[in-house]
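Numbering-wise (the working numbering), the sequence shown opens with residue 42 and increments by one. Reading through the structure tokens given below for one structure.
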Amino acid sequence: MRTQNMNRDWIATARTLSEALPYLQRYTGAVVVVKFGGNAMGDDEAMSQFARDIVLMRQVGVNPVVVHGGGPMINELLGRLNIESNFVRGKRVTDAATVEVVEMVLTGRVNKRIVQAIMGEGGRAVGLSGKDDNLIVCEPDDPELGFVGRPTELNVQVLQDLFSAGIIPVVAPVGTGPDGVDTYNINGDTAAGAIAGALKADRLLLLTDVEGVKDTSGKVVTEMTPSDVRSMTDDGTIAGGMIPKTETALKAIDQGVRGVVIIDGRVANACLLELFTEHGSGSMIRSTSLPPLGE
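What follows is the structure, encoded as structure tokens:
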């Protein structure tokens, strides 16, 4: 005979799973684009935890797309190769030599590490870049910045085909030019927003190294409308590095994304907290004209 005392933590875990049921039902079949980057990419345990969350999302019927950055890894290799970086108005100029390094790091080292992490947690994943099947076609964002691209055309059929096969796409933000020859470096948030917009995703999750959008008192704003974002930008409450993230969010919403959430990726299980719990995580931006998911 085998006996054991019920542990309070076990009971709490079962209760959490039970409370997650309506959210699991709500997101069945939903497309969720996740922009992954920051410190978590350089930490093995954080990478494994992120991969486990993505695999769980796929297991319960969500169609996740991972779009990643890789700035620190690019800087490291540029330094080792003694390739000097030039800047215009605080932005790196991506010349022909630099874009070769960008493509090498993003589509090789970083992309495959994420793919391996997802597969290590029992998922199926395929790594690709915006150049594959013309997923992302770009034009120069600013001629002074060289091969920095702005997405103009997206062919998301390849992602939908992977969804149908039960495979998680992992996308490196490198695109092709309209001539099909040049290679362009794309800001990771921008690439994630463009993909989310083309897929009409239910959620775009932007993982960052901050808690979310904060008001003038320093408190995280949990829910915002596009008009709230514009007002907070105009009065200077939203400033610095948060401006391009909220701009990406507004553009994605304009393209049909149901909601964009700016999340602190340093928090354990941040994506699961946002999708499958009542209180969510970070700052949600969504249009009031769209009904909640599931209605």
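Every residue, glycine too, gets a C-beta built ideally from N, C-alpha and C.
Cβ-based neighbour list, residue i, same chain, cut-off 7 Å, excluding 5 preceding and 5 following
i	result
ALA293	GLY234, ALA237, GLY238, LEU245, VAL301
PRO132	Reading off the sequence shown, one finds Lys at residue 132, where the question assumed Pro. LEU186, listed in sequence order.
MET114	VAL146, ARG150, VAL151
ILE124	ALA138, THR139, VAL142
PHE204	ASN104
GLU315	LEU246, VAL302, ILE304, GLY321, SER322, GLY323
THR274	ILE284, THR287
ALA55	none
Cutoff 8 Å; reference residue i; Cβ partners in own chain excluding five residues on either side
i	result
GLY207	ARG99, ARG165
THR44	Low per-residue confidence applies at THR44: pLDDT is 48, beneath 50, and the placement is therefore not dependable enough to give any value.
THR266	ILE326, ARG327, SER328, THR329
PHE128	VAL134
LEU65	VAL101, GLY102, PHE317
ASP50	none
LEU122	VAL142
Pick from the options that is closest to residue i, judged by C-alpha positions
i	options	result
GLU143	THR287, SER126, VAL156	Residue identity differs from the one stated: residue 143 is Val in this sequence, not Glu. Nearest of THR287, SER126, VAL156 to VAL143, Cα basis: SER126.
THR217	SER205, LYS260, GLN198, GLY171	GLY171
ASN175	ILE155, GLY259, PRO184, VAL199	VAL199
ALA92	TYR64, VAL73, LYS76, ALA158	ALA158
GLY229	VAL107, LEU119, ASP173, THR257	VAL107
LEU97	SER328, ILE326, ASN310, MET273	ASN310
GLU288	ALA232, ILE155, PRO184	ALA232
ALA213	PRO181, GLN90, ARG154	ARG154
MET88	PHE128, LEU122, MET160, ASP223	MET160
SER258	ALA290, ILE279, ASN116, VAL215	ILE279
VAL134	ILE95, THR148, PHE188	PHE188
ARG130	THR263, MET273, VAL222, PRO184	PRO184
GLY112	CYS312, VAL215, ARG307	VAL215
VAL73	ARG327, GLY163, VAL308, LEU240	LEU240
GLN90	ASP202, THR263, GLY163, PRO192	GLY163
ASN196	GLY306, ASP173, ASP276	ASP173
THR222	GLY282, THR263, GLN201, GLU180	In the sequence as presented, Thr is not what sits at residue 222; that position holds Val. The candidate whose alpha carbon is nearest that of VAL222 is GLU180.
Supposed contact pair residue j and residue i - C-beta distance, whole angstroms, cut 8 Å
i	j	result
ILE304	THR249	7 Å
GLY168	ASN226	Contact flag wrong, Cβ pair sits at about 17 Å.
ASP375	ARG299	Residue 375 lies beyond the range of the chain shown here (42 to 336); nothing can be said about it.
ASN104	ALA53	Not really, about 30 Å apart at Cβ, beyond 8 Å.
ASP94	LEU313	5 Å
VAL270	LEU291	6 Å
Any chain D beta carbon closer than 8 Å to residue i
i	result
ARG121	Judged by its chain identifiers, the structure shown contains no chain D, having just a single protein chain.
Same chain only: Cβ atoms within 6 Å of residue i, ignoring 5 sequence neighbours per side
i	result
THR69	GLY102
GLN296	GLY238
GLY110	GLY78, GLY229
GLY335	Note that GLY335 scores 47 on pLDDT, short of 50, meaning its location in the model is unreliable; the coordinates nonetheless yield the value given after this. Here the set comprises ARG67.
GLU194	VAL178
contact_flag[the stretch 207-226, the stretch 247-254] where n(CB pairs < 8 Å) is 3 or more | With a cut-off of 8 Å, the stretch 247-254 and the stretch 207-226 do not count as touching, because too few Cβ pairs lie within range.
At 4 residues or longer, and completely inside the stretch 213-300: list those alpha helix (DSSP H) runs for me, N to C.
-> If we require 4 residues or more, the alpha helix (DSSP H) runs fully inside the stretch 213-300 come out as 229-240, 267-275, 283-295.
Taking 8 Å as the threshold, find out whether the stretch 51-65 comes into contact with the stretch 312-320 through three or more Cβ pairs.
-> The stretch 51-65 is in contact with the stretch 312-320.
Go through the stretch 163-210 residue by residue and report every complete run of the alpha helix (DSSP H) that reaches 4 residues or more, in order.
-> As far as the stretch 163-210 is concerned, its whole alpha helix (DSSP H) runs of at least 4 residues are 198-205.
Could you pull out every unbroken beta strand (DSSP E) segment of at least 3 residues lying fully inside the stretch 90-119, listed in chain order?
-> Positions of the beta strand (DSSP E) runs, each at least 3 residues long and wholly inside the stretch 90-119, are given as 104-109 in order along the chain.
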